[in-house]
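Residue numbers (this note's numbering): 1 to 590.
#1: Out of curiosity, what's the CA-to-CA distance linking residue 550 and residue 212?
#2: For the beta strand (DSSP E) containing residue 219, list its first residue and its last residue.
#3: Tell me where the beta strand (DSSP E) around residue 650 begins and ends.
#4: Between residue 442 and the ligand FMN, is the CB less than 6 Å from at least one heavy atom?
#5: Return the CA-CA distance between residue 329 and residue 394, expressed in angstroms with no decimal places.
#6: State the start and end residues of the unbroken beta strand (DSSP E) segment that holds residue 215.
#7: Short of 6 Å in beta carbon distance, which residues of its chain neighbour residue 577, apart from the five on each side in sequence? Order them along the chain.
#8: Out of 111, 475, 123, which one is the CA nearest neighbour of residue 105?
#9: So for residue 65, helix, strand or coil by DSSP?
#10: With a 10 Å radius around its C-beta and 16 neighbouring C-beta atoms as the bar for buried, classify residue 47 as buried or exposed.
#11: Can you give the beta carbon distance from residue 282 to residue 289, rounded, assuming they're within the 8 Å contact cut?
#12: Measure how close the beta-carbons of residue 270 and residue 257 come, nearest whole angstrom, since I'm counting them as under 8 Å.
#13: Just to confirm, is the Cβ distance from residue 318 to residue 207 under 7 Å?
#14: Count the other CB atoms, across all protein chains shown, that sit within 10 Å of the CB of residue 229; report buried if there are 16 or more and exposed otherwise.
#15: My output table needs one value for residue 570: the three-state DSSP class, helix, strand or coil.
#16: Who are the near neighbours of residue 347 in its chain, counting only those whose CB is closer than 6 Å to its CB and skipping five residues on each side?
#17: So, is residue 87 buried or exposed, given that buried needs 16 or more other C-beta atoms within 10 angstroms?
#18: Using 7 Å as the threshold, is the C-beta distance between residue 591 and residue 456 below it?
#19: Helix, strand or coil: how does DSSP classify residue 246 here?
#20: Flag this pair as yes or no: are the beta carbons of residue 125 and residue 154 separated by less than 7 Å?
#21: Going by beta-carbon coordinates alone, are residue 379 and residue 396 separated by less than 7 Å?
#22: Give the secondary structure of residue 177 by DSSP, where H, G and I count as helix, E and B as strand, and everything else as coil.
#23: Which residue's Cα is closest to the Cα of residue 187: 195, 157, 181?
#24: With respect to the alpha helix (DSSP H) encompassing residue 469, which residues constitute its N-terminal and C-terminal limits?
#25: My output table needs one value for residue 287: the three-state DSSP class, helix, strand or coil.
#26: Please state whether the Cβ-Cβ distance between residue 419 and residue 400 is less than 7 Å.
#27: Taking only runs of the beta strand (DSSP E) that begin and end inside the stretch 442–522, which ones reach a length of at least 3 residues, in chain order?
#28: How do the stretch 551–566 and the stretch 491–505 stand: do at least 3 beta-carbon pairs fall below 8 Å, yes or no?
#29: As a quick exercise: from 205, 223, 338, 405, pick the residue whose alpha carbon is nearest that of residue 191.
#30: Considering just the uninterrupted stretch of the beta strand (DSSP E) at residue 525, what are its terminal residues?
#31: Have a look at residue 574 and residue 503 and give me their C-alpha separation to the nearest angstrom.
#32: Does the stretch 40–58 touch the stretch 17–30, meaning 3 or more C-beta pairs lie closer than 8 Å?
#33: Is it right to say residue 112 is buried, meaning 16 or more other beta carbons lie within 10 angstroms of its own, or is it exposed?
#34: Please look up how many angstroms separate the CB atoms of residue 545 and residue 496, rounded, as I've assumed it's under 8 Å.
#35: With distances taken between CB atoms, is the gap from residue 625 to residue 61 smaller than 7 Å?
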């Protein structure tokens, strides 16, 4: 209600009309004219008299002259004037004249100069060519590239001294002369931790991507900062090279790290409700940095219609080497879905290795022991059958996630790929071996400039190899339907069903989705989508029982990602299917 009310107020408000400070006249190309209009700026309302119009014209002339000089026009002819008596108009007539060009660029090193190899390499990165337009912005950027190039090659204290720029009005040239103080070549010592945090200083030192005595590289310092930020347990992270006077006896300089811990313990409570999955209450108690190595220990209690649990999870980032995380978890589970009921103990250990900033691979083991109450379908008798059995399940699992999209919660371009394989051994009152495989790819294509309209697509395929429908535990079978699957159907409700409407899990899965996302007003986005899914009873996907859902939705964009609200309808509704489903969550559907 708050969002709707605010939107209504904004729609009723009348925006103030802004006028240009002065009209720009003259024979100008479109780009230069647009730059002059932006430089002159806007004011609220037209001038009330000729005196005010004259004052605006003179101010606009000064702004136009500054812009022209910065663009290489050093001999413009500018004239301010006022037209009209009752409705005076401020005008600036512009004749830009000939554009000046760059002459040979000079780079002067102040003592101490960098080594010759570095000096030549940095000069090659200036990016200025004699004969190009003598733009002030290009000259300033070139100076910045000189300093940055030195810093990347170990000259951390490099600075730019006052430059000298000669404008030759006879030859119509601009000749910049850069004066650069490179400073001494910097070699690195270790890491010095300056903080009241519980974090172990030796652990932080082990994250440094350099060895003592290596030449300074700002990217290495930035990587150390990223590794600390990625742990998620610090409110702030600072990583910087120490001043020169703090060098050790060998002349090497340490990198200073400052950390501010998040609160050591955070207690959170939450409630969820879904027309597809029912309601639930969560209590989560998080401990940060309990063992002094940016670890996170999470205690969870959840009471819900579908998935209730008491659990504990420990995350150890950068476990044996940077980018490698160890995830340990254990939980008491009580799952009550339409397809099965399960009471179990679940233990797992996973090792994840980051690849780049957003991708990773992981390997792990899982052990589940519990009681299964399952309504199943016997392919031989073609009749429902009930299983009540105790099972012990050992799972080896490997997965990979490759992200080439532009945003984790609201992507507008690029693609993502997820793939997993889970060799599984089942023993107890039934014995079987199988491999559960699954892959999903999503893609995002902007259809207009600024990604105002985005076409998004999803394809998901799954297969269980080596198992039979009756021997594979119900929680390892594939189901389709729900907010992250085929919208318009209940959770697990898009696949085949038994006569009592119990979802029938399968040995293969096929799902696909297409969405059109359109920015409509301010932070609001409208969405239209079609989803489809099919469950098969062989290892290869079967498209004979494809089910379709379609709907519309709205997104409200916030700094951390969009809030999503969708309403979806089953296109081939069966007896027992709801007329529609509503989904509310954070982030896009995929």
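For each residue, glycine too, the CB sits at the ideal point set by N, CA and C.
The answer reads as follows:
#1: Near 60 Å, if we compare the C-alpha coordinates of residue 212 and residue 550.
#2: Element bounds for residue 219: not the beta strand (DSSP E) but the alpha helix (DSSP H), 218–229.
#3: Past the edges of the chain, shown from 1 to 590, lies residue 650, and the structure says nothing about it.
#4: What this structure holds is no ligand at all, so the ligand FMN is not there to describe.
#5: Near 15 Å, if we compare the C-alpha coordinates of residue 394 and residue 329.
#6: No residue range can be given for residue 215, since it is assigned to no beta strand (DSSP E) and is classified by DSSP as neither H nor E.
#7: These residues qualify, in order along the chain: 570.
#8: Measuring C-alpha to C-alpha distances from residue 105 to each of 111, 475, 123 identifies 123 as the nearest.
#9: It is helical.
#10: Classification of residue 47: buried, given that the 10 Å Cβ count is 16 or more.
#11: Not really, about 23 Å apart at Cβ, beyond 8 Å.
#12: The pair is not a contact, with the Cβ atoms about 34 Å apart (cut-off 8 Å).
#13: In this structure, the beta-carbon distance from residue 318 to residue 207 falls below 7 Å.
#14: Of the residues assessed, residue 229 falls on the exposed side of the cut-off, its CB having fewer than 16 other CB atoms within 10 angstroms.
#15: Three-state DSSP puts residue 570 in a strand.
#16: For residue 347, where only same-chain residues beyond five positions count, the Cβ hits under 6 Å are 330, 367.
#17: Under this definition residue 87 is an exposed residue.
#18: Absent from the model: residue 591. The displayed extent of the chain is 1 to 590, so no value can be given.
#19: It is helical.
#20: Residue 154 is positioned such that its CB atom lies no closer than 7 Å to that of residue 125.
#21: No, the Cβ-Cβ distance between residue 379 and residue 396 is not below 7 Å.
#22: In the structure shown, residue 177 sits in a strand (DSSP, three-state: E or B).
#23: Residue nearest to residue 187 within the set 195, 157, 181 is 157 (criterion: CA-CA distance).
#24: Neither: residue 469 is in no alpha helix (DSSP H) and is coded neither H nor E.
#25: It is a strand residue.
#26: Closer than 7 Å, so yes.
#27: Those beta strand (DSSP E) runs which fall completely within the stretch 442–522 and span 3+ residues are 453–465, 508–521.
#28: Counting C-beta pairs closer than 8 Å gives fewer than three between the stretch 551–566 and the stretch 491–505, which falls short of the contact rule.
#29: Closest option to residue 191, judged by alpha-carbon separation, among 205, 223, 338, 405: 205.
#30: That run of the beta strand (DSSP E) goes 524–536.
#31: Using only the alpha carbons, I get a separation of about 13 Å.
#32: Contact between the stretch 17–30 and the stretch 40–58 is present, because at least three Cβ pairs lie under 8 Å.
#33: Residue burial is scored here from C-beta neighbours: residue 112 has fewer than 16 other C-beta atoms within 10 angstroms and is therefore classed as exposed.
#34: Yes, residue 545 and residue 496 are in contact; Cβ-Cβ is about 6 Å, under 8 Å.
#35: This structure gives no information on residue 625, because the portion of the chain shown stretches from 1 to 590.
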